[in-house]
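Novice: Position 403 (the sequence shown) corresponds to 404 in the numbering used here; numbering is contiguous.
Idealized CB from N, CA, C, for every residue including glycine.
As the structure is a prediction and not an experimental result, all values here were calculated from the model.
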Amino acid sequence: MTAKKTRASQKRQKSAESKSKTKQKAKARKKLVFFESFFRIPPKKPIFRFVFLCGILCFCALSGFVGYCYFTLPDMAAAAITRPPKITLTAADGTHIATYGSQYGRPVVLSELPPHVYQAVIAIEDRRFYSHFGIDPRSVARAVITNVLKKRKAQGASTITQQVAKNLFLTNEKTFTRKVRELLLAFKLEHLLTKDQILTIYLNRVYLGAGTYGINAAARKYYGIDAKDLNLYQSAVIAGLLKAPTRYNPLAHPEASYKRARLVLAAMAQSGFISARKGLNAAESGAKAGQHKNKAFLYFADWVAEELDAYLGSISQDVTVITTLSPKIQKETDKALKDALSSQEAAEKQVSQGAAVVMDRDGAVLAMNGGRDYGQSQFNRAVEAKRQIGSTVKPFVYLAAFENGASPNDIVSDTPVSYGGWTPKNFGNTYYGDITLSEALIRSVNTVAVKTAVKTGVSRVLKTARKFRAVTKDCEPNAAIALGVCQTRLIDLVSAYAALGNGGYGVTPYGITEIIGADGTILYQRSSEGRSRLTNPKYLADLDAVLFDVILRGTGKRANPGIPAKGKSGTTQNYRDAWFVGYTDDVALGVWLGNDDETPTNGVTGGGLPAEIWKNIVKNISYSG
């Protein structure tokens, strides 16, 4: 009985095993049939197979590409910023003037900063910085919609973490590979660092315009203070620079900077960092404060920076450049020019621009103003513009005559004269009859100047003017040079008058006395150079006496500063240019007024507003070499 039960049990077990195997074979057969049907050629449903294969291939390719990007990520421990050398310019007394090249401020930590400093950055750049994981899906979605639907480039999709990844480890190339690496690095940064650490790196490394990297360098550049001392409005201005550092530079573009700062303050209010009222108050205070920083000295700084290559060639290290600038003289020069150009007289005379240069009689430039507003125009009219010089050339006409045997007391007939169909005319069509050469120069008589040039020899006159740097080398020899039709730069014309005042020694303008390397090594030091004498001092003594009378009782009476001074006015055809250039016992200085497009002014003469500016500068400066 027991044996029968055992056999029955074994049969049932075998039957169950057989059924199980049958089911497994059936399942395997179904799978095989599926794959056979899928890969059968031709397939029953080719589109499904194609989609399936494409999906597998795309997944494998994408996985391989992401893996490649991940394993070729840059070493995060080797993060470094390469930068051009920094050039620091100081005045003769050590006052800081300007810095060129990249500037890195002292590193800051968040605990040092008022909250509004970094809140301004978060509000305008990455409002969900503390809640996302390295990328902001909402910003990405917004960017995609903007790109696809609105067909314009989206802004603001990159988070602060992504910007840190890009700025520290990647290039600015716009490729898909770089973008994938940026995302991977962002994830990695979020894994390795805290949010505060990432934000701190960003604030210390981000570019903020004008060669500045980091919020501390920007605070020093734009406001002369440390980042910890920035108020709410100043913080908004600096945060606004992140989108376009050049466009929103508060020094160069104050109006655009102000509008951007208001947008940042509004974003801070929307983010809950400040109240709307507080933002409005900050914007109002910023508008009232305006931009008071004096930028006129930057004309001088730009000129010196451009001259550096002639001294050192290529620069591979940070350098400090000691210049010839006198802050006091620069201040007085800026004030005199600004006051004149802002005057009612300038408005009535329709003159929009001006420039001024002051140098000692050795050629050291003590002050330079290249225009009425550096923020609006960095074009330096003192060194870049070449204009006709009018009657300021006449001292060199008479100097050539004295060198050729003429005397200040020689008498010439002041009557109309023609040369090859050209008839020079006196100012106001006034003619004096017989007149001495000295009196003709004092009264700036055109006909006598032309007659003197022709008698002396036009080539001889041109040679003397070129020798003193009063005209450019491309000036053509003709009788009209006696009336200043040749062009020159203001800085060169002032150097020519400096030579008249120093006994006739040649003058080459310069702005650098010493250059010091980062390690303290003196890379350049100006030495006393032997200068050639351009003319005999006895001829200059005669000319000096006449130029003294020009200011005392001639066309330069308005330039009389109340101290011994010599000079000459100049006005070009149709009142396009008005000059006054001269010298004292210590300095030579020149002033030019006109319009950049060379349109005529409404009757500005060199003996008018330029002479007034010249007088005001001389009266308010004192210099001992």
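In this structure, how does DSSP classify Leu74 when only helix, strand and coil are distinguished?
Specialist: Confidence at Leu74 is low in this model, with a pLDDT of 47, below 50, so the placement of that residue is unreliable and no value is reported for it.
Novice: Assign Ala454 to one of two classes, buried (16 or more other C-beta atoms within 10 Å of its C-beta) or exposed (fewer than that).
Specialist: Buried: at least 16 other Cβ atoms inside 10 Å.
Novice: Could you please give the first and the last residue of the uninterrupted beta strand (DSSP E) stretch that includes Glu307?
Specialist: From DSSP, Glu307 is part of no beta strand (DSSP E) but of the alpha helix (DSSP H) over Phe298 to Leu313.
Novice: Quick check on the burial criterion: 16 or more other C-beta atoms within 10 angstroms. Buried or exposed for Asn603?
Specialist: Classification of Asn603: exposed, given that the 10 Å Cβ count is below 16.
Novice: Below 8 Å between beta carbons: does that hold for Pro255 and Tyr208?
Specialist: Contact flag unset, no.
Novice: Whose CA, out of Asp319, His117 and Val547, lies closest to the CA of Ala519?
Specialist: Looking at the Cα atoms, Asp319 is the closest of the given residues.
Novice: Going by DSSP, name the residue or residues bridged to Met369.
Specialist: Answer by DSSP bridge pairing, in chain order: Val358.
Novice: Residue range of the alpha helix (DSSP H) that Ala240 falls in?
Specialist: First-last of the alpha helix (DSSP H) with Ala240: Leu233 to Gly241.
Novice: What are the boundary residues of the alpha helix (DSSP H) that Tyr688 is part of?
Specialist: For the chain, the structure presents residues 2 to 626; residue 688 sits outside this window and is missing.
Novice: Output the distance between the C-alpha atoms of Trp328 and Ala92, rounded to the nearest integer angstrom.
Specialist: Contrary to the premise, residue 328 reads as Pro rather than Trp in this sequence. Computed Cα separation, rounded: 7 Å.
Novice: Hey, quick one: how far does the alpha helix (DSSP H) through Asp411 stretch, first residue to last?
Specialist: Counting along the chain, Asp411 falls outside any alpha helix (DSSP H), and DSSP gives it neither H nor E.
Novice: Nearest-angstrom Cα distance between Ile443 and Thr325?
Specialist: One C-alpha to the other measures close to 33 Å.
Novice: Taking 6 Å as the limit between beta carbons, can you name the residues of its chain near Val353, skipping five residues before and five after?
Specialist: The question names Val, but residue 353 is Ser in the sequence shown. If we look at Ser353 and ignore the five residues flanking it on each side, its Cβ neighbours are Asn596.
Novice: Grab me the residues of Gln526's own chain with a C-beta within less than 6 Å of its C-beta, minus the 5 sequence neighbours each way, in chain order.
Specialist: So the qualifying residues of the chain are Glu515.
Novice: With which residues is Arg534 paired in a DSSP beta bridge?
Specialist: In DSSP, Arg534 forms a bridge with Tyr506.
Novice: So is Tyr69 buried or exposed if we call it buried at 16+ other beta carbons inside 10 Å?
Specialist: At Tyr69 the pLDDT is 46, less than 50, meaning the model places this residue with poor confidence; the figure from the coordinates comes in the next sentence. Exposed, by the Cβ-count rule.
Novice: Three Cβ pairs or more, each shorter than 8 Å: is that satisfied between the stretch 556 to 563 and the stretch 366 to 373?
Specialist: Touching, no, given that fewer than three Cβ pairs across the two stretches are closer than 8 Å.
Novice: Kindly indicate which three-state DSSP category Asp227 falls into: helix, strand or coil?
Specialist: Three-state result, Asp227: coil.
Novice: Which residue's Cα is closest to the Cα of Ala237: Gly608, Val265 and Pro251?
Specialist: Cα-wise, what sits closest to Ala237 is Val265.
Novice: Curious, which full-length alpha helix (DSSP H) runs of at least 4 residues does the stretch 594 to 625 contain?
Specialist: 610 to 621, all fully within the stretch 594 to 625.
Novice: Report all residues from its chain with a CB closer than 7 Å to the CB of Arg261; omit the five preceding and five following residues, and keep chain order.
Specialist: Only Gly241 and Tyr249 meet the Cβ criterion.
Novice: Below 8 Å between beta carbons: does that hold for Pro601 and Asn575?
Specialist: Yes, these two residues count as a Cβ contact at 8 Å.
Novice: Taking only runs that begin and end inside the stretch 366 to 450, name each unbroken beta strand (DSSP E) of 3 or more residues, in chain order.
Specialist: Runs of the beta strand (DSSP E) inside the stretch 366 to 450: 366 to 370, 412 to 415 and 434 to 437.
Novice: Buried or exposed for Gly609, please, with buried defined as at least 16 other CB atoms from any protein chain shown within 10 angstroms of its CB.
Specialist: It is buried - the Cβ of Gly609 has at least 16 other Cβ atoms within 10 Å.
Novice: Where DSSP assigns a beta bridge to Gly591, which residues make up the other side?
Specialist: Looking at the DSSP assignment, Gly591 forms a beta bridge with Val358 and Val582.
Novice: Taking a contact to mean a Cβ-Cβ separation below 8 Å, would you say Ile492 touches Phe298 in this structure?
Specialist: It is not a contact, given that the beta carbons lie outside the stated cut-off.
Novice: Flag this pair as touching only if the stretch 500 to 507 and the stretch 475 to 492 have three or more C-beta atom pairs under 8 Å; answer yes or no.
Specialist: Flag = no, the stretch 500 to 507 and the stretch 475 to 492 do not touch.
Novice: What span of residues does the alpha helix (DSSP H) with Tyr525 cover, start to end?
Specialist: Premise fails: Tyr525 lies in the beta strand (DSSP E), Ile523 to Gln526, not in any alpha helix (DSSP H).
Novice: At 4 residues or longer, what runs of the alpha helix (DSSP H) sit wholly inside the stretch 532 to 572?
Specialist: Runs of the alpha helix (DSSP H) inside the stretch 532 to 572: 538 to 554.
Novice: Which residue or residues does DSSP assign as beta-bridge partners of Glu515?
Specialist: In the DSSP output, where bridge partners are listed per residue, Glu515 has Ile323 and Gln526.
Novice: Please check the pair Ala337 and Ile618, which I expect to be a contact at CB under 8 Å, by giving their CB distance rounded to whole angstroms.
Specialist: Indeed they touch by this definition, with Cβ atoms about 5 Å apart.
Novice: Using a Cβ distance threshold of 8 Å, determine whether the stretch 278 to 289 contacts the stretch 222 to 236, with at least three qualifying pairs required.
Specialist: Counting Cβ pairs under 8 Å, three or more are found: they touch.
Novice: Less than 8 Å between the beta carbons of Thr536 and Leu400, yes or no?
Specialist: Contact flag set, yes.
Novice: How would you call Arg139, buried or exposed, if buried means at least 16 neighbouring beta carbons within 10 angstroms?
Specialist: Exposed is the call here.
Novice: Where DSSP assigns a beta bridge to Gln488, which residues make up the other side?
Specialist: According to DSSP, which records beta bridges pairwise, Gln488 is partnered with Gln389.
Novice: Need the endpoints of the alpha helix (DSSP H) that His117 sits in, please.
Specialist: Counting along the chain, the alpha helix (DSSP H) containing His117 begins and ends at Pro116 to Glu126.
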